[in-house]
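Since the structure comes first, as C-alpha cells, the remarks are kept for the end.
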Amino acid sequence: MISSPTHRESPISRPITVSVLPASGFNLTIDADESERAALAAAHDLVAVHRFHTDLEIKRWRKDGVRLRGRIQANVEQTCVVTLEPLESVIDAEFDAVFLPEGSKLRRPLDSDGALLIDPNGPDAPETFEHGILDAGAVAEEFFELEIDPFPRTPGAELPEAGDPAGEGSDTGENPFAGLRALKNKL
Numbered sequence: 001m002i003s004s005p006t007h008r009e010s011p012i013s014r015p016i017t018v019s020v021l022p023a024s025g026f027n028l029t030i031d032a033d034e035s036e037r038a039a040l041a042a043a044h045d046l047v048a049v050h051r052f053h054t055d056l057e058i059k060r061w062r063k064d065g066v067r068l069r070g071r072i073q074a075n076v077e078q079t080c081v082v083t084l085e086p087l088e089s090v091i092d093a094e095f096d097a098v099f100l101p102e103g104s105k106l107r108r109p110l111d112s113d114g115a116l117l118i119d120p121n122g123p124d125a126p127e128t129f130e131h132g133i134l135d136a137g138a139v140a141e142e143f144f145e146l147e148i149d150p151f152p153r154t155p156g157a158e159l160p161e162a163g164d165p166a167g168e169g170s171d172t173g174e175n176p177f178a179g180l181r182a183l184k185n186k187l
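Residue 185 in UniProt numbering sits at position 185 of the sequence shown, and the numbers go up by one each step.
See below:
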C-alpha cells in the first residue's frame, strides 16, 4: 500500500496489528454496510455499489511479513460511456498479495547501483505497511478498484460514425472550407 499526504482512509478500513497476528493466521469477512457502500461508490466515481463482499485469509509470511489472499464479489452500477445510461456490473476476483514492514531487507532487491530489480514475469514485489499495522480493508479496496471497468459500455451500444475529418468526400452538407477554396481561386 502506498502512503501519501493525500491518502484517504478506506471506507471499509479493517486495520490488523501484525504483531498479534496468530502464526496460523485467521479469516476475515467484509460485508460492506449501506454507508460503506455509498462511500465506496463516491470514492470510485460509481453510481452505486449494491453489494461488496470479500473473504480474506490473513497469514504470516516469512518472519515479519503478511500474506493476504482473498476474493472480492461486488455488484456495482456505473454509467455507460456511450449512452450515459445506468449499467450494472458484476465483480468477482481473487487476489494474493504479500506485505512487509517498511524498511525490511526483504522488501525489494536492488542491484549494485541501487536500482530496483523487477522480474516482469515473476510475482509482484511485496508492498509495505507502516507502524506495524496493515489495513486489510484498504487492500481489498485496492483490488476492487483494479476490477472496475474504466469504460463501461452497455452491450450493443455503439458510438456514432465520425465524419470525414477533412470534409472531403462527405455528402452530409457543405464543406466548411468551401468559402476559403473559392477565395483562393479568386486570388
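Backbone N, C-alpha and C fix where the C-beta goes; we use that ideal spot for every residue, glycine too.
All figures in this text were calculated on a predicted structure; none of them were measured in a lab.
Closest by C-alpha distance to Glu158, when choosing among Ser19, Leu40, Cys80 and Pro101: Cys80
Distance, Arg69 Cα to Asp96 Cα: 4 Å
Cut-off 7 Å between Cβ atoms - residues of its own chain near His44, not counting five sequence neighbours on either side: Glu145 and Ile148
Those runs of the beta strand (DSSP E) which lie wholly inside the segment 32 to 71 and span at least 3 residues: 48 to 61
Contacting residues, own chain, Cβ-Cβ under 7 Å from Ala39 (five flanking each side not counted): Pro11
Backbone CA spacing between Ala23 and Glu85 [nearest angstrom]: 49 Å
Start-to-end residues for the beta strand (DSSP E) that takes in Ala23: Neither: Ala23 is in no beta strand (DSSP E) and is coded neither H nor E.
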